[in-house]
Amino acid sequence: TTRPLMSAYNVSKHAVVAFSECLYAELKLTTDRVHVSVLCPPWARTRLAENAREDAGSGFGFEEAVAQVVEEGVEPGEIVEAMLAAIRENRFWVLTHAQHDQGVRERFESMLSRTNPSVRDLRKLSTRLR
164 TTRPLMSAYN
174 VSKHAVVAFS
184 ECLYAELKLT
194 TDRVHVSVLC
204 PPWARTRLAE
214 NAREDAGSGF
224 GFEEAVAQVV
234 EEGVEPGEIV
244 EAMLAAIREN
254 RFWVLTHAQH
264 DQGVRERFES
274 MLSRTNPSVR
284 DLRKLSTRLR
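Per the numbering used here, the sequence shown runs over residues 164 to 293.
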């Protein structure tokens with residue numbers, strides 16, 4: 164899903180998904196020996212917040228919000244285990260934790276019903292920033 168105040172991060176993740184989808188199709192046309200999967204994990208407890216470059220001019224307490232969701236994230240080992248299982252099973256989509264299924268469902272339902280995107284994440288984030 165797409166989160167507010169994270170434009171560059173969101174664009175890079177969407178680009179990786181689009182590239183992976185194209186690569187998957189191209190590989191299916193040419194070989195059965197090479198496969199591709201796309202990993203869509205939740206936030207993980209890493210040093211991301213500590214190592215992230217401060218977003219100059221955000222002024223919203225963004226770094227603190229990221230630090231909080233990272234702290235509440237899952238253990239990286241859980242993501243690795245799910246990824247390895249998906250590779251063994253030759254699955255393209257690696258959605259490691261069901262906690263984001265509802266957000267994915269809402270996004271696609273919004274697209275198919277031609278409605279504007281939900282701002283639920285923006286409201287949740289703005290609550291954290293107060």
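Using N, Cα and C, we set each Cβ at its ideal position, and we do this for glycine too. Keep in mind the model is a prediction, meaning the values are calculated, not measured.
Reduced DSSP category for residue i - H, G, I as helix; E, B as strand; rest coil
i    : result
V282 : coil
V237 : strand
V201 : strand
L275 : helix
E227 : helix
Endpoints, the alpha helix (DSSP H) within which residue i is located
i    : result
L258 : No alpha helix (DSSP H) holds L258; DSSP gives it neither H nor E.
H177 : S170 to T193
Residue i to residue j span [Cα, whole Å]
i    : j    : result
L247 : C203 : 13 Å
E274 : P280 : It should be noted that the sequence gives Met, not Glu, for residue 274. Each residue's Cα considered, the two are about 8 Å apart.
E252 : A245 : 11 Å
A249 : R277 : 32 Å
V233 : P239 : 11 Å
C185 : T194 : 14 Å
Beta-ladder partner(s) of residue i, from DSSP
i    : result
A207 : V237
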